[in-house]
Amino acid sequence: MKIMEQLYEGKAKKVFATDDPELLVVRYKDDATAFNGLKKGTIAGKGVINNQMSNRLMEKLAAAGVPTHYVQELSANETLVKRVLIVPLEVIVRNIAAGSFSKRYGVEEGVVFDSPTIEFSYKNDALGDPLLNTYHALALKLATPEEIETIKRYSFAVNDFLKAFWKECGVTLVDFKLEFGRLADGTIILADEISPDTCRLWDAKTGEKLDKDRFRRDLGGVEEAYGEIMRRLTEHN
Ligand code: UDP
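Every position in the sequence shown, counted from 1, becomes a number in the working numbering once 15 is added.
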């Protein structure tokens, strides 16, 4: 397998073609952004942690029946993945009120829901990733009704699995964002990453934030938090 031209550079990752048209290489960066790119910075070691954490979690999810794009870890910050066309929906699952949910609905951060919620945003930076419902997603032809059903089913399955897994690590899974993609034959699989950039993870005992909110909210100890959450994952295995 040969790494070829760069296809795309995002906020936290670069994507490269390979000599296999069905495979891509993702290279994770230490760059961090928040508030739709308004806040920029670097988190030393983040690229390696996000790469390794996402890969370990996707391996476990695949074993639990959720198909993913993960193929093989190539280096500390590079991974071979299946090529997909990303469904332009950001899927957010929440167990506990935080972030934009708390702000939008005036609910204190930390209020635990009786059952998890799901919401969709239109993945479109120029529009600021606006919240939308499934009827809007269908009107915009972002996905078919069947695809939306599959995405919801997988997203709740990911939540069930990750919630239980992180609990064993002494971590509370508050919320997270997923992205899905279509293989050439139309099959929907989990893509993008699952990392402290895309999840809210709180220490189960102290409530300490072990995720990107430390960067977003200038809480300090950002690198230490990424290191600590990775340590919890590694020690579990
Ligand atoms: N999230 C993400 N990318 C985004 C927006 C949100 O990964 O562009 C994640 C975020 O890390 C959190 C969850 O999705 O774990 C819910 O985020 P929320 O809607 O509360 O938005 P925020 O408060 O981060 O603006």
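Cβ atoms here follow ideal geometry from the backbone N, Cα and C, with glycine treated the same way. Keep in mind the model is a prediction, meaning the values are calculated, not measured.
Give me the Cα-Cα distance between D45 and I244, rounded to the nearest whole angstrom. Looking up residue 45 in the sequence shown gives position 30. Looking up residue 244 in the sequence shown gives position 229. Near 16 Å, if we compare the C-alpha coordinates of I244 and D45.
Along the beta strand (DSSP E) that carries E20, what are the first and last residues, could you check? On the sequence shown, position 5 is the one that residue 20 refers to. Run containing E20: I18 to E24, per the beta strand (DSSP E) assignment.
Sufficient close CB pairs (3 or more, under 8 Å) joining the segment 64-82 to the segment 205-222: With the cut-off at 8 Å, the segment 64-82 and the segment 205-222 touch.
Whole alpha helix (DSSP H) elements within the segment 205-249, 4-residue minimum: The alpha helix (DSSP H) runs of length 4 or more contained entirely in the segment 205-249 are, from start to end of the chain, 228-231.
Nearest to E164 by alpha carbon, out of Y150, L177, G222 and F176? Position 149 of the sequence shown, counting from 1, holds the residue named residue 164. Measuring from the Cα of E164, the nearest candidate turns out to be Y150.
Since K28 and R42 are thought to touch, with beta carbons under 8 Å apart, how far apart are those beta carbons, to the nearest angstrom? Locating residue 28 in the sequence shown gives position 13, counting from the first residue. Locating residue 42 in the sequence shown gives position 27, counting from the first residue. Contact holds; Cβ gap of about 6 Å.
Segments of 3+ residues assigned as beta strand (DSSP E) that fall wholly inside the segment 31-114: You should have 38-43, 46-49, 54-57, 85-90, 93-97 and 104-111.
Following a CB-centred definition, is R246 positioned closer than 7 Å to any heavy atom of the ligand UDP? Along the sequence shown, one-based indexing puts residue 246 at 231. Incorrect: R246 has no Cβ contact closer than 7 Å to the ligand UDP.
Measure the beta-carbon distance from P131 to F171 and round it to whole angstroms, keeping in mind my assumption that it falls under 8 Å. Start at 1 with the first residue of the sequence shown, and residue 131 comes out as number 116. Start at 1 with the first residue of the sequence shown, and residue 171 comes out as number 156. Confirmed, Cβ separation roughly 7 Å.
Does the beta-carbon of V96 have 16 or more other beta-carbons within 10 angstroms, so that it is buried, or is it exposed? Stepping through the sequence shown from its first residue, residue 96 is reached at position 81. So V96 ends up on the buried side.
Could you round the C-beta distance between D218 and G185 to whole angstroms and report it? I think they count as a contact, below 8 Å. What you label residue 218 is simply residue 203 of the sequence shown in a count that begins at 1. What you label residue 185 is simply residue 170 of the sequence shown in a count that begins at 1. Yes, D218 and G185 are in contact; Cβ-Cβ is about 7 Å, under 8 Å.
Within 7 Å: the Cβ of I209 and any heavy atom of the ligand UDP? To locate residue 209, count along the sequence shown from 1; it is residue 194. For I209, the shortest separation between its Cβ and any heavy atom of the ligand UDP does not lie below 7 Å.
Contact the segment 189-198 vs the segment 99-113: 3+ CB pairs below 8 Å: Yes, the segment 189-198 touches the segment 99-113.
Looking only at its chain, what residues have a beta carbon closer than 7 Å to the beta carbon of V81, apart from the 5 residues adjacent to it on each side? Working through the sequence shown from its first residue, we reach residue 81 at position 66. Excluding positions up to five away in sequence, the list reads Y169, A172, V173 and L205.
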